[in-house]
Amino acid sequence: MTDLRDLYQEVILDHNKSPHNYREMPDATRLALGNNPLCGDKLKLYVRIEGDRIADVAFQGSGCAISKASASIMTDSVKGKSLAEAETLYGKFHDLLTGPPDVKADGAGLGKLAVFSGVREFPARVKCATLAWHTLETILKGQEAIASTE
Ligand code: ZN
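Numbering follows our numbering, with no gaps: position 83 of the sequence shown is 338.
Quick look at the structure:
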């Protein structure tokens, strides 16, 4: 049985109420905007990349509990990771959310991200949960950068 209580698990509600890494980052090396018009979720993602590592990551924005909690947990999950590790994590998270409903979600290696496994039962909310990750993907692929003023 899956109902809304499963979807809005306590962890998601906590992260929505007090999102981690929710701030501006004046020394970000990359910035990307994410938009999910289906739900009205918007976010701005800041990343500071040093070498091939995500030295710091932060976000700001507005949206539903799932989009905000996902961004919060995503930033916690990728901070300090290499770009390749972040890509791998994104792939696993994506599989968790889009796997067939008759196969039990495998949250192995995902840590807190596994709380989103209930979202796969609600296809309309998958975009909410993946918005922050799609935005990160834009940054990892180097499609957007902050213009240098120097
Ligand atoms: Zn949403």
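C-beta: ideal position from N, C-alpha, C; glycine also.
Just so it is clear, the structure is predicted and the values come from calculations on it, not from any experiment.
Item to check | Lys-382 beta carbon near the ligand ZN (any heavy atom closer than 8 Å) | outcome: As a working note, residue 382 is residue 127 in the sequence shown. For the ligand ZN, at least one heavy atom lies less than 8 Å from the Cβ of Lys-382.
Checklist entry - On the three-pair Cβ rule with 8 Å, is the segment 323-337 touching the segment 261-281? => result yes
Item to check | Distance, Gly-354 Cα to Gln-264 Cα | outcome: Residue 264 sits at position 9 when you count from the first residue of the sequence shown. Residue 354 sits at position 99 when you count from the first residue of the sequence shown. Cα to Cα, the separation comes out at about 20 Å.
Next on the checklist: Quick check: Asn-291 and Lys-382, are their CB atoms within less than 9 Å of each other?
Outcome noted: The residue labelled residue 291 in the question sits at position 36 within the sequence shown. The residue labelled residue 382 in the question sits at position 127 within the sequence shown. Result yes, Cβ atoms of Asn-291 and Lys-382 sit closer than 9 Å.
Next on the checklist: Can you tell me whether Gly-366 sits near the ligand ZN, meaning its C-beta is under 8 Å from at least one heavy atom of the ligand?
Outcome noted: Indexing the sequence shown from 1 puts residue 366 at position 111. Answer for Gly-366: no, Cβ out of range of the ligand ZN.
Checklist entry - For chain D, is any of its Cβ atoms less than 9 Å away from the one on Trp-388? => result The question asks about chain D, but that chain is absent: this structure has only one protein chain.
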